[in-house]
Amino acid sequence: RHADGLALMLKTAISHDWQSSNSAPALGIDTNHALPVALRIKKAMQAADEAATRGVRFIINDAAHLEARNNRLELVRVLEKGLRNRDIGVAYQPKIDLASGRIVGAETLIRWRPDGREFVNPQDLVLAAEAGDRINELTLVVLETALVDGKQAIALDPRFKLAVNMSAKSLSDTHLLFDIMTMLGRYDFPPENLTLELTETAKLEDDRIAPQVAALKARGIGLSIDDFGTGQSNLEYIEKLPSSELKIDKRFVQHMATSEESRAVVRATIEIAHSLGKIVVAEGVEDLDVAASLRAMGCDQAQGYLFSRAIPMPELLAMMGGGRAALNA
């Protein structure tokens, strides 16, 4: 608490050449009193550098920080091994057509137990990949596994849509489109059966991204705005991004049962998206009454624990092949 207060106090406007600029210092603090002062100063400076790199106000170099740093280093090691062996585990959460209860697609999610150990937190893995500039490589490894598995689902239902998450900032890589199209050709996967769910849409301001987005759409690949209503995923991007799908963030969906405001937001989002010809998917559906409300509002699809967790492809194929309705509301 004291460190946070000190950081805020030091954030002042500094006058330089008659111009005012905001100063946001990064602090490093070492708590090991048993070390020599010179070494503690060095460790505090290293912590300050790390705070500046990570964009946080301060870092306290204590046992908890050391453990967290070691965990991050271990995660980077595990990630590099997984990428080298092209062995990143995935699972698929079904997307349900609310009108019929039929499985119409699935979102590919990282569900990975490296070397048979405990599951890796997907968000931590993505952050490690971004920090090491390996996010595009991770995306392509996940995509490759998904395309191989997805061909089996398409054999059961030619209309099946396979969704893969992608950071919008990855689209600034001009080689990415070539890599994706090459992979689609290698596995004879129809582009129209693939949807890229774009996250971090703030990065869409990058001038290099617009041509990439247009090229993906021209080749028949679907684009989805993920986690709509949070962060930078806002109304502006519905207008600017040539997407075919919009996913309502789960926090709005899960509050529908208790919040009239959330219901109003969801209803308005569905109406706006439909007026622009987009499919609407509700994320995080866990309650039968919420599913019924979404269907009454005209929401097209939903996914969440009410229907299924993320499951291996053989289980998904069994659900599809069994022909059982996923929604009986």
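Under this note's numbering, the sequence shown has 1267 at position 145, and the numbering climbs by one with no breaks. Cβ coordinates follow ideal geometry from the N, Cα and C atoms, glycine included.
- Annotation: the continuous alpha helix (DSSP H) that includes A1337 extends over 1331-1340.
- Cβ-Cβ distances below 6 angstroms link G1211 to R1233, W1234 in the same chain, with the five nearest sequence neighbours on each side left out; the list follows chain order.
- Minimum Cα-Cα distance from G1420 among the listed residues V1402, A1251, F1429 corresponds to V1402.
- DSSP, reduced to helix, strand and coil, places V1286 within a strand of the structure shown.
- Measuring C-alpha to C-alpha distances from K1291 to each of I1331, V1159, I1302 identifies I1331 as the nearest.
- Straight-line measurement puts the Cα of R1199 at about 33 angstroms from the Cα of K1283.
- Boundaries of the alpha helix (DSSP H) harbouring Y1359: 1357-1362, taken from the DSSP string.
- The three-state reading of DSSP puts V1403 in strand, counting E and B together.
- Pairing Q1215 with A1432 gives a Cβ-Cβ distance under 9 angstroms.
- Per DSSP, the beta bridge partners of F1180 are L1149.
- Within the same chain, L1293, L1299 come within 6 angstroms of Q1334 by CB-CB distance, once the 5 residues on both sides are set aside.
- Cα atoms of E1259 and L1318: separation of roughly 15 angstroms, rounded to the nearest angstrom.
- Secondary structure at D1271: helix, using DSSP grouped into helix, strand and coil.
- Rounded to the nearest angstrom, the gap between the Cα atoms of F1241 and L1197 is 12 angstroms.
- The residue among D1349, G1272, A1404 with its C-alpha nearest the C-alpha of P1312 is G1272.
- Below 8 angstroms, too few C-beta pairs join the region 1249-1259 and the region 1218-1234 to call them touching: fewer than three.
- Nearest Cα to A1268 within the set I1151, P1436, I1392, L1157: P1436.
- Secondary structure of S1292 (DSSP, three-state): helix.
- Ranked by Cα distance from E1393, the options T1321, E1408, K1165, I1360 are led by I1360.
- Taking a C-beta distance under 9 angstroms as the contact criterion, F1180 and I1151 qualify as a contact pair.
- Here the alpha carbons of R1206 and M1288 stand approximately 20 angstroms from one another.
- One alpha carbon belongs to L1265, the other to F1350, and they sit about 23 angstroms apart.
- Per DSSP, the beta bridge partners of V1212 are I1232.
- Going by beta carbons, V1270 and I1257 fall outside the 9 angstroms limit.
- With fewer than 16 neighbouring CB atoms inside 10 Å of its own CB, N1154 falls in the exposed class.
- At least 9 angstroms separates the beta-carbon of A1221 from that of V1178.
- The secondary-structure analysis by DSSP pairs G1223 with nothing; it has no beta-bridge partner.
- Put simply, the backbone Cα of V1159 is about 27 angstroms away from that of L1195.
- For L1316, the enclosing beta strand (DSSP E) stretches over residues 1316-1321.
- By DSSP's assignment, E1196 forms no beta bridge with any residue.
- Ranked by Cα distance from Y1427, the options E1405, L1416, R1162 are led by E1405.
- Judged by DSSP in its simplified three-state form, I1163 adopts helix.
- Cβ contact annotation for L1320 (same chain, cutoff 7 angstroms, sequence separation greater than five): M1288, A1290, L1345, S1346, I1347, D1348, in chain order.
- For L1368, DSSP records a beta bridge to I1347, V1402.
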